[in-house]
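Enquirer:
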Amino acid sequence: MSRIFLYAHGGSGNHGCEAIVRATGQLLSGHELKLISANPEEDRKYGLADVAELIQDKNEPARLSLDFVKAYAALKLRKDFIPMEKLQYKTAFDRMGKNDIALSIGGDNYCYADVYKYTMFHEIAKARGAKTVLWGCSVEPDVAAQPEIAADLAKYDRITARESISYEALKAVNPNTVLVADPAFVLEASACALPEGFVPGQTVGINLSPMAMERESVPGMAFTNYKNLIEWIIQNTHLQVALIPHVVWASGDDRVPLQRLHECFADTGRVCMVTDRNCMELKYIISKCRFFIGARTHSTIAAYSSCVPTLVLGYSVKSRGIARDIFGTEEGYVIPVQKLKGKHALAAAFAGMICREDDIRKHLTDVMPEYLQRAQTAAVIAGLE
């Protein structure tokens with residue numbers, strides 16, 4: 326049986342990244358999994374050592390080696406940083422061989438500015454002779470169409486796209502692309518104690534991320550909308566509110582804006598703050614919500630897969646594509662943060678969702694079994710089983 330290397334993983338402080346690894350482990354149970362990680366200690370903290378062997382992705386190269394001298398010369402003489410960058414990942418990727426499978430698991434790594442780091446990883450894996458799979462991914466169509474990126478995408482032995490917008494863009498450059506669903510849809514929830522003030526079935530789960538806020542076109546508009554949303558919930562319903570962080574990295578900690586929101590409403594007794602925990606416990610908490618409003622994609626996947634009516638503050642193709650595949654449209658389900666103009670847009674959209682609550686919940690209940698099956702069969706159609 327081939328060894329499977331999961332790479333392009335940033336660490337479990339992003340619980341979406343953790344969810345992809347855990348769910349992939351569920352789907353590929355019985356295989357020998359090795360996780361090349363930017364932060365193995367962080368992964369160990371959240372329990373991923375039980376899912377895969379943890380391997381540090383970046384290592385300091387030996388400075389007296391011939392490879393180092395060549396890379397250093399390229400950097401100084403030609404301003405070419407790629408050989409030095411590759412050398413730092415050599416120890417980890419040298420463990421791959423031609424009988425192995427390399428899964429690029431970042432999900433949306435091909436959506437952002439540092440995409441060339443991931444094309445470099447792919448090139449290294451190919452050079453080791455591994456079969457390469459771009460796993461459960463989203464890709465911005467304009468990025469996929471760029472000649473250099475398209476050439477890289479075309480070299481994957483298989484691509485599994487997690488939503489139809491990315492699927493169409495990827496199919497155009499690599500015919501070995503199949504449409505699946507994000508592996509995290511099948512993530513198992515783990516029961517845990519609910520925070521004080523959380524009433525099961527009568528609580529609105531809320532997630533806000535710095536990443537979404539950075540993409541707003543009107544400064545401060547996302548936070549203002551969330552504040553007005555919570556105010557509307559308190560004034561017009563009997564529901565509780567739970568603020569749920571899904572990423573706790575220092576560079577983009579959801580707890581920072583959520584704590585600001587908590588301070589605004591702490592005196593009401595209606596708003597609680599969920600503490601950091603692993604993705605399975607977060608999914609359990611989200612599954613106990615009556616509604617969910619989220620910015621982080623995998624927080625919303627936890628809600629969708631638990632049949633919780635969900636409103637998304639989107640910032641990239643993935644949120645639109647997933648909603649479109651589940652509901653047939655993103656209208657009424659996704660608000661792009663870039664188009665957030667009015668101060669009460671989120672509250673108005675949520676009020677509309679309340680009116681459609683029963684229909685939305687029934688639709689999710691009806692379609693989710695088949696949708697989950699798309700994730701469960703991903704390993705087979707990707708040739709991993």
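When the letters of the sequence shown are read in order and numbered with our numbering, they come out as residues 326 to 710.
Even glycine gets a Cβ: it sits at the ideal position worked out from N, Cα and C.
#1: In three-state DSSP terms, what is Gly619?
#2: Where DSSP assigns a beta bridge to Cys597, which residues make up the other side?
#3: Can you list, in chain order, the residues of its chain with a C-beta nearer than 6 Å to that of Ser624? Leave out the 5 residues immediately preceding and following it.
#4: Taking only runs of the beta strand (DSSP E) that begin and end inside the region 628-676, which ones reach a length of at least 3 residues, in chain order?
#5: Looking only at C-alpha atoms, which of His447, Thr654, Phe675 sits nearest to Tyr481?
#6: Could you tell me whether the region 593-603 touches the region 564-583, using the rule of 3 or more Cβ pairs below 8 Å?
#7: DSSP three-state label for Lys456, please.
#8: Where does Gly454 land, buried or exposed, given buried means 16+ other C-beta within 10 angstroms?
#9: Given a cut-off of 7 Å, decide if Lys608 and Ala518 are closer than it, judged by their beta-carbon atoms.
#10: Considering Leu586, what are the terminal residues of the alpha helix (DSSP H) in which it resides?
#11: Taking only three categories from DSSP, how would you classify Val468?
#12: At least one CB of chain B closer than 7 Å to the CB of Gly653: is that the case?
#13: Check for me: the beta strand (DSSP E) holding Gly530 runs from which residue to which?
#14: Quick check on the DSSP output: the beta strand (DSSP E) that includes Arg483 runs from which residue to which?
#15: Once the 5 residues before and after Tyr640 are set aside, which same chain residues still bring their CB inside 8 Å of it?
#16: Can you tell me whether Tyr435 is buried or exposed? The criterion is at least 16 other CB atoms within 10 Å of its CB, across all chains shown.
#17: Measuring only the C-alpha atoms, how far is Asp439 from Asp467?
#18: Using three-state DSSP, classify Glu744 as helix, strand or coil.
#19: Quick one: measure Cβ to Cβ for Tyr492 and Leu504, integer angstroms, because I've assumed they're closer than 8 Å.
#20: Quick one, are the C-beta atoms of Leu636 and Phe590 less than 7 Å apart?
#21: In terms of residues, what are the limits of the beta strand (DSSP E) holding Lys359?
#22: For the region 682-693 against the region 521-528, are there 3 or more C-beta pairs whose distance is under 8 Å?
Expert: Taking the coordinates as given:
#1: strand
#2: Bridge partners of Cys597: Ala567.
#3: Asn532, His571
#4: As far as the region 628-676 is concerned, its whole beta strand (DSSP E) runs of at least 3 residues are 635-639, 659-661.
#5: His447
#6: yes
#7: Three-state DSSP puts Lys456 in a strand.
#8: exposed
#9: no
#10: In the DSSP assignment, Leu586 falls within the alpha helix (DSSP H) that extends over 580-590.
#11: helix
#12: No chain B is part of this structure, which consists of one protein chain only.
#13: 528-531
#14: Judged by DSSP secondary structure, Arg483 falls within the beta strand (DSSP E) whose first and last residues are 483-486.
#15: Met536, Ala537, Arg540, Ala620, Pro661, Val662, Gln663
#16: buried
#17: 15 Å
#18: There is no way to answer for residue 744, as the model of the chain reaches only from 326 to 710.
#19: 4 Å
#20: no
#21: 357-362
#22: No: the two stretches stay apart, fewer than three of their Cβ pairs being nearer than 8 Å.
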